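Novice:
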Amino acid sequence: MNKTAVISDGSSSLGYEFAKAYLRKNYDVLILSSNKEKLKTAKKSLSKLSSSRILSLHLDLSTPFFLKEIESFLEKKDLQPSLLINNAELGYGENLQTASLKKIKEILDVNITALSLLTKFFADTISARNKSKAGMNNQGLIINIASFSGFFANSQHAVYAATKAYVISFSEALAHEYKDDNIRFLTLCPNMHPSAHPSAHFNVSVLEKKHWFSSFAGLLSGLPYKLSGLPYKIGYKLAYNMSSPKQVVESSLAHLRSSSKKSLVIHGRMNKLTLFLARFLPRQFITKRVAAQPKFY
Ligand SMILES: NC(=O)c1ccc[n+]([C@@H]2O[C@H](COP(=O)([O-])OP(=O)(O)OC[C@H]3O[C@@H](n4cnc5c(N)ncnc54)[C@H](OP(=O)(O)O)[C@@H]3O)[C@@H](O)[C@H]2O)c1
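Under the numbering used here, think of the first position of the sequence shown as 7, with each following residue one higher.
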């Protein structure tokens with residue numbers, strides 16, 4: 007019997023690449039999405055890649071009933087997932103002053119509540135299964151997608167950044183809480199990658215109009231991009247070393263295959279360098295610099 011992976015928003019960008027990668031590893035894959043059309047299209051194209059089972063479930067993670075829906079779907083299809091990827095998110099680019107109360111609640115529901123409840127449900131289910139089949143070398147894996155944004159207060163998308171800080175803290179803590187349950191936790195801070203969502207994190211056309219060296223590292227050093235004299239696209243690529251969703255997924259899988267036991271993985275040279283530099287700078291200074299970052303969405 008194949009293993010099963012469950013991926014929130016497995017129908018686009020990073021989630022879709024994870025779905026492809028685990029299909030290649032002969033997993034059955036269940037993708038979740040609030041968009042019926044996206045689910046249909048993704049399921050169709052994924053089914054061309056593998057003979058494993060590809061299942062899709064249409065649900066809204068911001069509602070209180072979503073967990074019941076997943077539970078009954080798993081029961082109906084007789085699925086016993088050993089892998090969960092919490093990838094769905096909302097809220098990048100939302101400013102607190104302009105966001106409605108409804109929107110703020112929705113961001114918290116998806117980024118914090120849904121992620122936590124899914125994690126609890128799957129961790130407990132996998133743990134109970136592992137205990138009942140002791141000695142059978144079962145292993146569970148929970149990948150929580152956080153963000154580099156979670157390390158810094160960010161007044162341009164305060165709620166999003168704060169939810170990602172929650173994900174980092176929550177997920178790292180669980181790596182210890184469940185350490186005797188044969189469940190591995192990976193907290194992933196992906197490098198910037200193009201995404202299809204309307205609130206896309208990265209919009210090249212907008213970016214190209216901004217003549218700034220806008221990476222966090224650039225901000226921290228205070229170096230305006232225009233001083234470098236490089237064409238924007240090249241300068242930007244050098245600064246960010248932006249990745250494709252496929253590269254993010256491949257490097258995560260490489261990390262999981264490696265002997266490293268680190269539960270927090272940060273992608274991107276500049277992200278790593280910035281985090282290192284940030285240790286030596288006052289928090290207030292960083293918050294100010296981050297707030298001054300030009301908007302590129
Ligand atoms: N893109 C980047 O540069 C970047 C950088 C750092 C971290 N990240 C993190 O990486 C992960 C993937 O980001 P991405 O940019 O690849 O994806 P994305 O395009 O932002 O997609 C996120 C997806 O979450 C799903 N979602 C939102 N609200 C939902 C709801 N109520 N119920 C169910 N699904 C919901 C949506 O899928 P449906 O419309 O199909 O429901 C949406 O397409 C996220 O956790 C993000 O925070 C991304």
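Positions of the beta carbon are idealized from the N, C-alpha and C atoms, including for glycine. Note that the coordinates shown come from a computational prediction; the quantities given were computed from them, not determined experimentally.
Since E112 and S51 should fall inside the 8 angstroms C-beta cutoff, what is the C-beta to C-beta distance between them, to a whole number of angstroms?
Specialist: That belief does not hold up - the Cβ atoms of E112 and S51 are roughly 28 angstroms apart, past 8 angstroms.
Novice: Indicate, with yes or no, if ligand 1 has a heavy atom lying under 8 angstroms from the CB of D130.
Specialist: Result no, Cβ not under 8 angstroms from ligand 1.
Novice: Would you mind reading off the limits of the alpha helix (DSSP H) that contains G21?
Specialist: Element bounds for G21: 19 to 30.
Novice: Measure the alpha-carbon distance for M198 versus S106 and round it to whole angstroms.
Specialist: Whole-angstrom Cα-Cα distance: 27 angstroms.
Novice: For L96, I'd like the list of residues in its chain whose CB is within less than 7 angstroms of its CB, leaving aside the five on either flank, ordered along the chain.
Specialist: Hits under 7 angstroms: E112, I113, V116, N117.
Novice: How far does the alpha helix (DSSP H) with I118 in it reach, from first residue to last?
Specialist: Unbroken run through I118: none, as it is neither H nor E.
Novice: So, for S169: in the same chain, excluding its five sequence neighbours on each side, which residues have a beta-carbon less than 6 angstroms away from its beta-carbon?
Specialist: Rather than Ser, the amino acid found at residue 169 in this sequence is Thr. Taken in chain order, the residues that qualify are N117, I118.
Novice: Three-state secondary structure (DSSP) at W218?
Specialist: Since pLDDT at W218 reaches only 37, below the 50 mark, its modelled position is unreliable, and no value is offered.
Novice: With a threshold of 8 angstroms, are at least 3 pairs of Cβ atoms found where one atom belongs to the region 182 to 200 and the other to the region 126 to 142?
Specialist: Yes, since at least three Cβ pairs between the region 182 to 200 and the region 126 to 142 fall closer than 8 angstroms, the two stretches touch.
Novice: Taking the alpha-carbon positions, what's the F128 to P87 distance?
Specialist: Their Cα atoms are separated by approximately 8 angstroms.
Novice: Does any heavy atom of ligand 1 sit closer than 8 angstroms to the C-beta of P196?
Specialist: P196: yes, Cβ under 8 angstroms from ligand 1.
Novice: What's the gap between the Cα of S53 and the Cα of K26?
Specialist: Spanning the two alpha carbons is a distance of roughly 10 angstroms.
Novice: When the distance is taken between beta carbons, is F176 closer than 9 angstroms to L147?
Specialist: In this structure, F176 does not lie closer than 9 angstroms to L147 by Cβ.
Novice: Please state whether DSSP places S269 in a helix, a strand or coil.
Specialist: Looking at S269 - three-state DSSP - the assignment turns out to be coil, as it is neither helix nor strand.
Novice: Whole angstroms is fine: what's the gap from S58's alpha carbon to C195's?
Specialist: For S58 and C195, the distance between alpha carbons rounds to 29 angstroms.
Novice: Let me check you understand the geometry: is the CB of S17 closer than 8 angstroms to at least one non-hydrogen atom of ligand 1?
Specialist: Yes; taking the cut-off as 8 angstroms, the Cβ of S17 has a heavy atom of ligand 1 nearer than that.
Novice: To the nearest angstrom, how far is the alpha carbon of L89 from that of G156?
Specialist: Rounded to the nearest angstrom, the two C-alpha atoms are 24 angstroms apart.
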